[in-house]
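Below is one structure, written out as structure tokens; comments come after it.
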Amino acid sequence: MTDRLASFAARLCLTAEVMTRRGASIHRQNQVVRSLWPGALCHQVGSFPTRTSLMSRCVYSFSFRSSSPSPARWNRSGLTMGWMSSDVDLLVSIPGMDDERRGVVEAATRMKDAVAKNNISKPWNCMVISGARVPILTYMDENETPPLKFDISFQKDNAVKNTTYLIEKFDERPFMRDIVILLKYWLREKQLNEVYKGGLGSYCVSLTVIGFFNFKRRTLGWQEYEAFIAGPRYNMFVEYLEFWTSWRYREDTMIPDPGVILTKGQSTRKPLGFMLRIIDPTDPENDVGKGSHKIPRVVRAMVKLKQAIQRLGPDMEFPALDRVLSGTPAEKEMFLTQKAHQDRNNRKMQLQMERRLRRAERNAEKAAERRGRIGPAVQKSLEKLREKHEQFITRRPTLAVEVAMEEFLRKNPGSSEQDLPGLRHGPGPGDRGAESATTNAGSPVPMEDTGKSPEQLEREAKHAATIEKKRLKREKMLQKREERKREKKERKVRKRMEAERRKQLAEEEKLANGRESC
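Just so we're aligned, residue 267 is where the sequence shown starts under the working numbering, counting upward by one.
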């Protein structure tokens, strides 16, 4: 009998042909890295090497073009439909390079120039996201159809450890891959897969699955556990949903390996309310679920998903299962509307900041003509305005692409405007084999992931900037507190020394008076 959930997970996977093309594209990026740093290592990280990626999905976007700077006069060119290609995450380890932010940004900028020089990506479609928590280089390999998106990070080896751990666990128990694929697809369609928006990321989802099966292995008898993992994916999926919808989020902490649950009294961590606490097996100090503040919404959605899956039963049809796992048309329309509204607001604010900067530059030029020079205060104000304008654009990759393309077309009037890669290329998700994604007798079926879109990177950069601002504020507050403590301690010491000095003078004066009386 065909396992319906395993077959559906297989339909979400990439074909071998796409996997081969991806390998060739990764080889091209590796050549660019080696040309810049001969001793550098290029590691594949994320969902692609663990074979838990998802196929491309249909995306919609509004495009706005206008010769008028006024947002009220913009023309909406219409709704563009296409297939968003998944991305590939690479980590570049450069010997002798430190982990300082400035060095990482310089390396990313250097590779950006090399990518454009080798005709891998258009200049306006290759950018360094320096405002993110970890600076990355993102661009599209336009030698592929559809163009393949790359996210390049530098020097951080945590992702390599996490990826190696997941590969080992999924190869040990391949059925866990199917559950992870189904959950990632469901979270993506519900817009709950973005960690910087409070959702569950790919690594966190994988650890919840690993922790669930390790807990079952610890609590069930050996024969009962063997029968459970040999059964259909339907039973595993329903049991997983039952486990995490009844989880005591205010009290319990999950240690995925070996599947131990710590209660509030046993855990040494401070309770964080209704939060998901999962200890990273590769770094016990890291709480993987600390950023998932939308856990209540995820749990409510899980309850509805469990009820819908149980109503369908193990013999459900693919269209019915897809309707259950996918978001409703109303949810998709709401997301599209929010995205278009955010794009309009970003463009409006960018134009306002640009007008303000140009006005300040004109005033500075007039002042320089009258006085013969630009004063230091005016120069400092201009530098702050330019920096603020640049940061605003850099932290919004979608806007950065538009601005960079407009600047490129201004400098090259003879060039014709091209459609942005990644939106109008590539076929839709065709029918694929009904075999399981992880139980094929031959080579494992590769998978594809939606990856991080520019909008997601934008939100991640904004979230990281907010966290960094709070961190700096707290450091400044702690520094002032330490200074106050040190000053208070110094005052006490000075006061004590002054009291001792006065006491000594009094004794000497008393002794001198006694001698005079004698």
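All residues carry an ideal CB built from backbone N, CA and C; glycine is no exception.
DSSP bridge partner residues for residue i (one or two, in chain order)
i: isoleucine 395; result: Ile402
i: methionine 520; result: Ile527 and Ile544
i: cysteine 308; result: Val358
i: aspartate 353; result: Lys415
i: phenylalanine 420; result: Val358
As assigned by DSSP and simplified to three states, the class of residue i
i: valine 554; result: coil
i: methionine 321; result: coil
i: leucine 414; result: strand
i: threonine 732; result: helix
i: serine 273; result: helix
i: serine 313; result: helix
i: aspartate 407; result: strand
i: serine 301; result: helix
i: serine 512; result: coil
i: aspartate 549; result: strand
i: serine 592; result: coil
i: aspartate 379; result: helix
i: arginine 762; result: helix
i: serine 387; result: coil
i: isoleucine 640; result: coil
i: arginine 484; result: helix
i: glutamine 745; result: helix
i: glutamine 604; result: helix
i: arginine 439; result: coil
i: aspartate 581; result: coil
i: proline 562; result: helix
i: glutamine 457; result: coil
i: glutamate 366; result: coil
i: arginine 662; result: coil
i: glycine 464; result: coil
i: asparagine 779; result: helix
i: asparagine 678; result: coil
i: serine 333; result: Low confidence applies to serine 333: its pLDDT is 39, below 50, so where it sits in the model is not reliable, and the reading given next is rough at best. Coil, per DSSP.
i: glycine 497; result: coil
CB of residue i within 8 Å of CB of residue j, strictly
i: serine 291; j: leucine 414; result: yes
i: phenylalanine 503; j: isoleucine 575; result: yes
i: tyrosine 451; j: leucine 278; result: yes
i: valine 354; j: phenylalanine 416; result: yes
i: glycine 465; j: valine 565; result: no
i: lysine 736; j: glycine 593; result: no
i: glutamate 668; j: lysine 572; result: no
i: threonine 660; j: serine 396; result: yes
i: threonine 511; j: valine 569; result: yes
i: arginine 577; j: glutamate 410; result: no
i: methionine 619; j: phenylalanine 658; result: yes
Other residues of its chain near residue i: CB distance less than 6 Å, five sequence neighbours each side excluded
i: asparagine 296; result: Cys308
i: leucine 432; result: Thr316 and Ser472
i: glutamate 306; result: According to the sequence shown, residue 306 is alanine rather than glutamate. Counting only Cβ-Cβ distances below 6 Å, and skipping sequence neighbours, we find Val299, Val358 and Ile360.
i: leucine 587; result: Phe274
Any C-beta of chain C under 8 Å from that of residue i
i: glutamate 620; result: Among the protein chains of the structure shown there is no chain C, as only one such chain exists.
Residues near residue i by beta carbon distance below 7 Å, same chain, minus five either side
i: arginine 514; result: none
i: alanine 382; result: Pro389 and Cys392
i: leucine 542; result: Tyr515, Gly555, Ser558 and Ile561
i: asparagine 428; result: Tyr469 and Thr548
i: leucine 403; result: Ala374, Met377, Lys378, Val394 and Ile418
i: asparagine 612; result: Arg662 and Leu665
i: valine 370; result: Pro401, Phe420 and Gln421
i: serine 709; result: With a pLDDT of 39 at serine 709, under the threshold of 50, the modelled position of that residue is not reliable, and no figure is offered here.
i: glycine 579; result: none
i: leucine 648; result: Ala626, Glu627 and Ala630
i: lysine 677; result: none
i: glutamine 684; result: Low confidence applies here, because glutamine 684 scores a pLDDT of 43, under 50, leaving its location unreliable and the question unanswered by this model.
i: threonine 529; result: Glu517 and Asp518
i: arginine 652; result: Leu623
i: valine 426; result: His309, Val311 and Leu357
i: aspartate 364; result: none
Residues of its chain near residue i, where Cβ-Cβ distance is below 8 Å and the 5 sequence neighbours each way are ignored
i: proline 522; result: Leu473, Thr474, Ile476, Gly477, Asn480, Ile544, Ile545 and Pro547
i: methionine 743; result: none
The ligand ATP heavy atom lying under 7 Å from the CB of residue i
i: lysine 650; result: This structure does not include the ligand ATP; it has no bound ligands of any sort.
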